[in-house]
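Count along the sequence shown from 1, add 100, and you get the number used in the numbering used here.
In this text, a Cβ means the ideal position worked out from N, Cα and C, and glycines have one as well.
Everything numeric in this text was worked out from a predicted model, so none of it was measured.
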Amino acid sequence: MLAAQTRSDGGFSLVEIMVALFIVGLASGFIILSIPRTPTPLEADRIQLENALRTSARIATFSGEPQGILIEDLIVQPLFFRDGVWQPPRDVGSLTAFTLSEDVRVNMPGKDEPRFNTTEEEDPPVRPDIWFDAAGIATEKEFQLAWKASAYRFEVDRSGNVNVVQTGPR
């Protein structure tokens, strides 16, 4: 009379629990990896400066007016050549000046050389470090943005192309 009865509990086996935990862990790993990281000060400044250089080159080509970029004391100032002098833009819709992060260093060859003023003027005329002409000609310039051990090298060639290469560790 006493026959062995098979019991069926409604629970999960150990294998099912382990598979479920593995799937949850794998999914959370993909979610964590897909969260965008905040850019470093170097990365943010690289994007902003690269956009300013490329936009200046395009504006010079399309407007027929020479454009320039002056980098001085971590301030990046776009300039326009109007009425025979380089001057900041007056248009609201054009490029605006911006400040690089304090920790970012700009290494531009020839920037620290003294400029002698041979005229009687108190303030020497403003000249951009990099300029773009309407004919597609540009100042050939190479400089570097550095932050901690990372760096980006900017290369502007005579045809106005802007190339950015990472030179330090990521």
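How would you label residue i, buried or exposed, when you count the other beta carbons within 10 angstroms and need 16 or more for buried?
i, result
"ASP257", "exposed"
"VAL115", "exposed"
"GLY210", "exposed"
"LEU126", "exposed"
"PRO166", "buried"
As a quick exercise: from the options, pick the residue whose alpha carbon is nearest that of residue i.
i, options, result
"ARG182", "ASP233, PHE254, ILE171", "ASP233"
"ALA249", "VAL262, GLY268, LYS241", "GLY268"
"GLY164", "VAL119, ILE237, ASN151, VAL264", "ILE237"
"VAL265", "ARG146, PRO166, GLN187, ILE117", "ARG146"
Can you tell me the Cα-Cα spacing of residue i and residue j, whole angstroms?
i, j, result
"THR138", "ASP229", "30 Å"
"LEU149", "VAL176", "8 Å"
"SER259", "GLU240", "8 Å"
"ILE171", "ASN261", "18 Å"
Taking Cβ positions, are residue i and residue j nearer each other than 9 Å?
i, j, result
"LEU142", "ALA235", "no"
"TRP231", "THR140", "no"
"LEU200", "PRO189", "no"
Open item on the list: Is it the case that the stretch 125-137 contacts the stretch 182-201, given that we only count it when at least three CB pairs across the two stretches are under 8 Å?
Closed with: Counting Cβ pairs under 8 Å, fewer than three are found: no touch.
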